[in-house]
Structure formats: C-alpha cells, structure tokens
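Those protein sequence lines, which keep their order, are chains A and B.
Each residue of the first sequence is one higher than the last, beginning at 953 in my numbering.
Each residue of the second sequence is one higher than the last, beginning at 2 in my numbering.
Here is the structure we will look at.
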Amino acid sequence: MPDMRDGNRAIVDVLEATAERPRVLYRYAGDRFILVEYGDMVLDLTTNFRIFGLNDALKKARLDGLVETVPALRSILIHYDSRKLPTRMLVDTLKKMEDAVPSGENLNIPSRRVELPIAFADRWTRADIERYVKYTRQDAPNIVNGHNIEYIAQYNGLESAREVVDYICATEWWNACIGFWPGLPFMFPLDPRYAIVTPKYNPTRPWTPEGAVGIGGPCVAIYPVQSPGGYQLFGRTIPIFDLKQRNPAFKANPILLKPADRIQWVPVTDEQLESIREQVYAGTYRYKIVAYEALNVKSYLGLLDGIRGEVLAFQARQAEAVKHVAIP
Amino acid sequence: MFEVLEGGIQTTVQDYPGRVGYLDLGTYPAGPMDHFAFRVANLLVGNAQGAPALEVTAGGLKARFHDRRAVAITGADMQPALNGKPAPLWEAFAVGPDDRLEFRTITGAGFRSCLAVSGAFDVPEYMGSRATFTVGGFGGFEGRGLKKGDRVSLGAAASPEKVVGRRLRAALRPQYGTQWEIEAMRGPQADPDYMTAGDMEFFFSHAWKVDRNSNRMGVRLESHKWQWARQSGGVAGGHPSNILDNGYAVWTVNVCGDQPIILVADGPSLGGFICNATLIYASTWKVGQLVPGRDTIRFKEVTIDEATRLAGAIDETIAERSIERG
C-alpha cells in the first residue's frame, strides 16, 4: 500500500489498517472541519458501527474546541475550532482514540428502537405517482398499476407487492446518518436477507407527500416534508419532522430520528394511518421509542455468519430478476 | 418596533454564528452570508457581534422606525437613505419615530448589506438560534424573509448618543470588486485520488464565473469538463464525482457532476458528491458579496497555518480597537 500522503495535500494523516479495523484517512476540509474516512469505498455496516463507536467515545471525551460531529456511512465529519484545538493535536487525539475504541466484535452502540406505523402503497403516495404519470413521464417503467411497489417486487425477483411488504417488515432498518434535509434518515436493513435495491426515478418526481417512505439503491429514506424526490415510493408513515412541535416527541427540536436509531415498520391501513397522524398533531399519540437499547456488534456479526447462504441466494435471485426489468 | 414597508429582494433576520450543533440532524447553520459586515454592524451600534440583525440581499428594503435607536449599515452600497437623505455606511447613526430608511439597489460591487439596530431584532429562539433557515422555513421572523406589513420587535437599547458616530476605520473597510480572490484549502476529496493534478491546477487558476442561479443554499460556478482520476464512482454511482454520502463541511466546494457549487449558509448537510476544496474561516465572508451572473472568483490555495493566521487576523479586526468616533 503506497503512503496516501504522497502528493496528496488534502490528507492530514493516515492510520494504517490493522486486523481490528480498516485504514483511517484524515482529510482537511478547510480550517474548521476534518473528514475522517474508513476503509475502501464500500457499503459495509460494520464500518458504520465503528464510526458510531468513535462518535460515542468523542462525545464522552468532551474535547475543548470540538464543536460537533457528523457520522455518515464510512466517514465522520468533525467540526472544530482550530485555534482552540490545533489540527495536529485533534488528529493525534483521534488516532489514539482509534486504539481505545473496541474492535467491532466488542462494540456496544447506544441505539434507540423506533416503531413506525406505515401504510403500504397508500392513497397519498399513489396520488403523487399518478400526477407524475400525468405531467412528467407517461411511460415510466418503474410505475406498475399506478404505484412503485410492484416494480420494486419485479426488480428484486419478489413475487408480489405483498412480498415486498413482508421483506420490509422482516428487518430493522439502521439509520446510518441524517442529512441533506433536516431530519432525513438514510436507513439500511440490518438483516441482509431482506436487502432490496432499486434504481432511482428518471427524471425525478416533482412531488412527494410528507411522510412518504421510499428506496433508492440500497437505502430507505423518509421524506420529512413535502418535496421533490427520486426514490421509489412504497408507503407513508407518520411525521418525523414537525416545525410546530405539536407532539411531545418533538419537544427538544422538530426532528424525530437520530443517527444510530433502528426503525421497525409496522403495517397499518390508510384509515389507521390517518387517525394516528391526527393524534400526532393533537399531541395525544405517543411515539413508540425504546431509548435504552444498544446494538451489540458481536451478536450481530454472529447473525450474519449464520445466514450467509440465504443472503447469497437472495442476491442471485435479484441478479436474475434485474435482467428482465427495464431501468427508468 | 421595526415596521417593514417593503421587504426587498430577500431580507432575513440572522444571527452569528447561527444554528451550530445540528449538522448531524441535517441542519446547516444559516447565519449571515458575510459574517465580517454583519459582526461589524453589530459592533458599531454597541450590540454583541452575533446579535440578531438583518441581511439585505440586493436591495429594496424600506422600513419605518417607531422609537429612538442607533443603526449601522455595512456591506454592499445600496445607497441607503434616511428620510430621503443619504445615510452613511460602516458608521452608526441615530433614527427616531417615523424615520424612514430605504435601501435602493446594488449599483457597484457587493451584493449584501447588513443592518444592525441597537438593542437588536427580537425574534424567538428556535433550536438555539434566531437565524432564518430559508430551506426549512424556520428561525428568524416566522421562518421567512421580511415582507410589507411585518412588525419586528426590537430589544431594549441604551440611548443612541452613546454610539452615534462610531465607524470602522477607513483602512479596514473591505474593498469589494468584481474579480475576487478567495482563499481555500485543498480537499477533502482532491488529487490524486479523485481528481487529477491538472484538474486541481485548473481549479486554483481559473477565473470562475458566479452563476445567476446562486442563493443562500449554494453559490454555483460554471460547469467544467474535469479529467477525473477515476472512471466511475463505483458503488456510489456511475459518475466519478459520486461518493458514498458523507457530511459536507460548511463553505466547501461541492462538485456535482461537472458543476462546482460552494455550499453556503443554508446548504445541504450531507450528500454523495466530492468536495475538492473548502473555503477558510477568514475568506467565507467574500462569498456573501459575490454578484451572481457577473463576478468571478479565483481560488487561492492556502495551508492550514496560513488559514489559522488569517483567522486570527480577521477576528482581531472585528474588535473595539478598529472603531473610531467621527
């Protein structure tokens, strides 16, 4: 492995890989931020877990001059005051911390479990998809019988919309990071046997209802407000962002979800969803959040070992299905 | 109380440093686009540097005062007038009941003015700040730009006489032009791993034209055919500018496909495109004064040591010792 710093003025320092963890790159992002990047450009939840391990350790260390951190898929952006905490000192501290963070196997990541009701192929996302067909693209291959959910089934080799629902509800969804828009989660299935994927809209959709839930690539997102979007929609949930903070869940700020939350979907009908949404805004609904749980990485890795064959079988089924499906 | 007669192109209540501490929940800090002019305006009228004040974009604000206050206008020259007579820039002056203050439009260099009033604008705190976040529609005055008929409360203030005539020393007033040099550091994703050395050489030497379609979310520059060090973004997407989503530093240069965009006060906190350079604390204020569709930027590469020295210098300038009394 060549020294990454050779001729790379964007890199402050490198911590080479060990048996316990991937290589860590420390990149300049101006004089107020550094970007700490792990391993290669691959999507690997165990790397993301390690990032939360470091994030947790950093928060507990209460470094003078550390402003905030932004954990993401394979990186953590660190906002700091370089006059209180010189870059060199920050990077040296971070490098030492890597040795102190337990290896993946022994990590326990503070993680809330959040149950969210969802109406699949609901009438609200259906209405916006209908508008898309009318005004944006009539021959969109990702719209089958007026919705995206059957296309998601076809693209993944699943038998029906019903099986898509089963897959989405069969696993908890790990919120790897929040961003782009206030409160918007980027979620991945903790159980890779249910890791459905889809291409994105082309062109993008001018309207998406608030609370819509969709998938783009391997990532599931909830739209915090009504907005344009590019993900294939499969349902609608309750508010995850409320400017007016009308429910106790939004007491501290208008954003419900946090990085490292685990989301469990619970199917409801359109009518039930409508009723729960009214209770949310009336302040009477209690969001189902278990705050004290942790994700034990060791037992998680144990689960992965046990299901490897099933994961490969589903991936083969997906690869075969894609050959027969049009891309938007 | 501050009565808005015309809101102008875009006038927002901001504070400094804005809504800091919510990047991991997807919220950029908002706050002034030109923190130098903003902080100096507050300093001149005796407020804390970060106190809520107005950012006036491109002009058109008309307002009426209802009590005696000291005010200061800094930043771009929009030929401000008090009751029809020219009002000074970078200098505190007094206003009284029924006085009308008008901003016309930008004619020369610079794009944003700041208006500070003694006692400061009194709007509710939202997520720890009073800055308007235009994307989310929260903070500031009802989460939006000011418009005709708005009546914005002001905080209690000492007698204006205490500060009237305070002005920033002439030698310290920034000279705006149309061709800017803006200091930036290479990275986080530059050469040789994402772009070629030639790409970065072009980036740091070209006079980039500021696109008409620029605002408090992003300042767009012209598109360019980059050589790229990679053929594709791999798992993150087909284009070599694609990466697995990561947090975006505030004031970074985000390369979306061919187009560089400086992510500014109300930008996106996270995304899947590389950022090949990042502005430094001491240079970000210049972005607030860029006139879209006209001005050009050359980025000047600096090291962390130079950036730290410049950061100290700008903060030392925004201080009592830089003020004289006319």
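For each residue, glycine too, the CB sits at the ideal point set by N, CA and C.
The structure presented is a predicted model; accordingly, all values stated were derived computationally and were not measured.
Partner residues in the beta bridge of A/ALA981, as assigned by DSSP, are A/ASP983, A/PHE985. Exclusion of the five residues before and after B/SER284 leaves ILE183, GLU184 as the residues of its chain whose Cβ lies within less than 6 Å of its Cβ.
Taking the Cα of A/PRO1151 as reference, the smallest distance to any Cα among A/ALA1092, A/GLY1098, A/ARG1145, A/LEU1208 is reached at A/ALA1092. What A/ASP983 touches in chain B, judged by beta-carbon distance under 7 Å, is MET186, ILE281, TYR282, ILE305, ALA308, THR309, ALA312, going in chain order. Among the residues facing chain A, B/GLY60 is not included, as its CB has no counterpart in that chain under 8 Å away. Under the 8 Å criterion on CB atoms, B/VAL236 is classed as interfacial with respect to chain A.
Residues of the region 224–252 of chain B that bring their beta carbon within less than 9 Å of a beta carbon in chain A comprise GLY234, GLY235, VAL236, ALA237, GLY238, ILE244, LEU245, ASP246, ASN247, GLY248, TYR249, ALA250, VAL251, TRP252, in sequence order. Bridge partners of B/THR106 according to DSSP: B/GLY60.
By DSSP's assignment, B/ARG167 forms a beta bridge with B/ARG326. Taking a Cβ-Cβ threshold of 7 Å, the residues of chain A close to B/MET128 are ASN1205, in chain order.
When secondary structure is reduced to three states using DSSP, A/THR1021 falls in the strand class. B/LEU222 and B/VAL211 have their C-alpha atoms spaced approximately 5 Å apart. Of all residues in the region 138–166 of chain B, only GLY138, PHE139, GLY144 place a beta-carbon less than 8 Å from a beta-carbon of chain A.
Per DSSP, the unbroken beta strand (DSSP E) holding B/ALA278 starts and ends at 276–280. For A/TYR1244, the closest alpha carbon among the candidates A/PRO1062, A/ARG1035, A/THR1221, A/LYS1011 is that of A/PRO1062.
In this structure, the beta-carbon distance from A/ARG1075 to A/ASP1222 falls below 8 Å. The C-beta of B/CYS257 comes no closer than 8 Å to any C-beta of chain A. Nearest to B/GLY9 by alpha-carbon distance, out of B/LEU102, B/ALA31, B/LYS226, is B/LEU102.
Contacts between B/LEU291 and chain A, judged by CB atoms closer than 7 Å, are missing: the closest CB pair is about 18 Å apart.
For A/GLY1261, the enclosing alpha helix (DSSP H) stretches over residues 1249–1274.
Nearest to A/THR998 by alpha-carbon distance, out of A/VAL1019, A/LYS1011, A/LEU987, A/SER1027, is A/SER1027. In this structure, A/TYR978 is the residue among A/PRO1137, A/ARG1014, A/LEU1247, A/TYR978 with its C-alpha nearest to the C-alpha of A/ASP1044. Excluding its 5 nearest sequence neighbours in each direction, A/CYS1121 has C-beta neighbours in its own chain below 7 Å: TRP1217, PRO1219, listed in chain order. Secondary structure note for A/VAL1117: it is in no beta strand (DSSP E), and the uninterrupted alpha helix (DSSP H) holding it is 1113–1121. Counting only runs that start and end inside the region 1007–1079 of chain A, the beta strand (DSSP E) elements of at least 3 residues fall at 1018–1023, 1027–1032, 1060–1062, 1065–1072.
Closer than 8 Å to the CB of B/PRO193 there is at least one CB belonging to chain A. In this structure the region 72–80 of chain B touches the region 37–51 of chain B; the number of beta carbon pairs closer than 8 Å is three or more. Taking B/MET201 as the centre and dropping the five residues before and after it, the same chain places the C-beta of ALA191, ASP192 closer than 6 Å to its C-beta, in chain order.
Across the structure, A/LEU1010 and B/PHE3 are spaced so that their CA atoms are roughly 44 Å apart.
Between A/LEU995 and A/GLY1017 a beta carbon distance of about 32 Å is seen, past the 8 Å cut, so the two are scored as non-contacting.
One Cα belongs to A/VAL1019, the other to A/PHE985, and the distance between them is close to 10 Å. Residues of chain B whose Cβ lies closer than 8 Å to the Cβ of A/LEU1195 are, in chain order, GLY137, GLY138, PHE139, GLY144. One thing to note: B/LEU280 has its Cβ no nearer than 8 Å to the Cβ of A/ILE1130. Interface residue (Cβ-Cβ distance to chain A less than 8 Å): B/THR133 is not classified as such. CA-CA distance, A/ALA1052 to B/ASP246, rounds to 26 Å.
A direct Cα-to-Cα measurement between A/PHE1186 and A/ILE1167 gives close to 8 Å.
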